[in-house]
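For the sequence shown, the positions run 203 to 321 when my numbering is used.
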Amino acid sequence: MYEHRNEPLISHGAFLRRLAAHGGVALLLVIVSLGIGMAGYHFIEGLPWIDALVDASMLLGGMGPVDPIHSVAGKLFASFYALYSGLIFLIVAGVLLAPVFHRALHHFHLDAEDAEDAA
Numbered sequence: 203m204y205e206h207r208n209e210p211l212i213s214h215g216a217f218l219r220r221l222a223a224h225g226g227v228a229l230l231l232v233i234v235s236l237g238i239g240m241a242g243y244h245f246i247e248g249l250p251w252i253d254a255l256v257d258a259s260m261l262l263g264g265m266g267p268v269d270p271i272h273s274v275a276g277k278l279f280a281s282f283y284a285l286y287s288g289l290i291f292l293i294v295a296g297v298l299l300a301p302v303f304h305r306a307l308h309h310f311h312l313d314a315e316d317a318e319d320a321a
């Protein structure tokens with residue numbers, strides 16, 4: 203998927219396509235996670251769909267739930283979904299930043315090789 207350290211940097215256009223592909227994967231993860239949260243809040247806690255969307259979005263965004271949770275099952279779901287949301291946040295950040303870090307490290311590696319060749 204990524205170029206080897208002995209290969210040149212990919213073109214700017216190819217890099218933008220790689221960023222877009224990673225953005226698509228991140229968006230898919232967020233949409234699936236939002237769907238899981240909405241379904242849980244709707245079916246377990248009995249919230250209307252729009253309120254389930256708000257609570258799931260707030261947890262995925264790191265803000266916390268809006269509506270009070272009344273049932274034990276709802277509280278268990280909310281606690282596990284909160285932990286899951288924290289992990290998804292870190293995974294999405296990694297997926298989005300991986301191509302940028304790879305390109306920067308690859309660029310520095312190529313600069314180091316050029317310096318060694320010149321010496």
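Yeah, the Cβ is synthetic: ideal placement off N, Cα and C, and Gly gets one too.
Here V302 has L221 as same chain residues with Cβ atoms under 8 Å from its own Cβ, once five neighbours each way along the sequence are excluded. Our two residues, H309 and F282, have alpha carbons roughly 40 Å apart in a direct line.
For L255, the secondary structure class from DSSP, reduced to helix, strand or coil, is helix. Counting of Cβ neighbours within 10 angstroms places L285 among the exposed residues, the total staying below 16. When the Cα atoms are used, G239 and I233 turn out to be separated by approximately 10 Å. Its Cα nearest to that of G263, the residue G288 stands out among G288, A228, E247. Per the coordinates, the alpha-carbon of L299 lies some 10 Å from the alpha-carbon of L292. Counting only residues of its own chain and dropping the five nearest sequence neighbours on each side, A228 has a CB closer than 7 Å to the CB of V294, V297, L298. For the alpha helix (DSSP H) assignment, the uninterrupted runs of no fewer than 4 residues enclosed by the segment 216-273 are, from N- to C-terminal side, 251-262.
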